[in-house]
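In mature numbering (1 follows the signal peptide of the UniProt record, and there is no 0), the protein residues as written are -20 to -1, 1 to 164.
Glycine is no exception: its CB is placed at the ideal position from the N, C-alpha and C atoms.
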C-alpha cells in the first residue's frame, strides 16, 4: 500500500479507536480496590446540601432535586460507563438529551467527573475546575440532578454526572389581535 493511502487510513483508525473509549481492564481485579469502589455511594440529598452550601457561600439561591434531571444524569453516567469514556456525548448530545428528558429550560449545564470515590471528592474536583465551578455557581439554576455509575473494569471506576438547570420560562399565550401581557 502506498504511504499516501496508508496515512489517511491510519489516522481514521486511530480516530475511531479514540471514540470507542479505553479498553476495559482484563484479568483479576485488586480486591482492595473492588472493596473501596463498592463502598462508594451517592446520597442525592447530601449532594444537594453540599451544592447549596457552596452556592450560599457565593451569595446564590438554593437548588432543589428534580426527578427528570436525576434520571437524565443517571442515563449519562451509565452511558459513560458503557462507553468507558468521560464524554458529554457518551449518551448523546447534551442539547438533545436535555430536550428528551422533557426539561424545558433556557439555562442548563452538566458537570462530569471520573475517579472520585465520594461525593465530596467530586464536588471538590468540580470547584477546582473553572468551567465546572461556573456551572455550580450558575445564577439561574434552581434544580439539579446527580448520578453515580460504577464499574471496576473501566478506566475511572466511579463516574459522576451533575446537571443543573433553571426553571422553565413562563409561556405567553396570545390570540389573534392580542398584545402580550406582563405578569402581575
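### Query
Under a three-way DSSP split, which group does residue 135 fall into?
coil
### Query
Taking the C-alpha atoms as reference points, what is the distance between residue 10 and residue 60?
22 angstroms
#### Entry: Environment of residue 133 [buried if 16+ CB atoms lie within 10 Å]
exposed
### Query
When DSSP labels each residue in this structure, what does residue 148 get in the three-state scheme?
coil
#### Entry: Exposure label - residue 85; buried when at least 16 CB within 10 Å
buried
### Task
Return the Cβ separation of residue 82 and residue 137 in integer angstroms, given the expectation that the two are a contact with Cβ distance under 8 angstroms.
Not quite, the Cβ-Cβ distance comes to about 31 angstroms (not below 8 angstroms), so this is no contact.
### Query
Considering only the beta carbon of each residue, do residue 20 and residue 90 sit closer than 9 angstroms?
no
### Query
CB-CB under 8 angstroms to residue 36, same chain, minus the five flanking residues each way: which ones, in chain order?
42
### Query
Can we say the stretch 99 to 110 touches the stretch 70 to 78, given the rule of at least three CB pairs closer than 8 angstroms?
no
### Message
Which residue marks the beginning of the alpha helix (DSSP H) containing residue 116, and which one marks its end?
### Response
110 to 116
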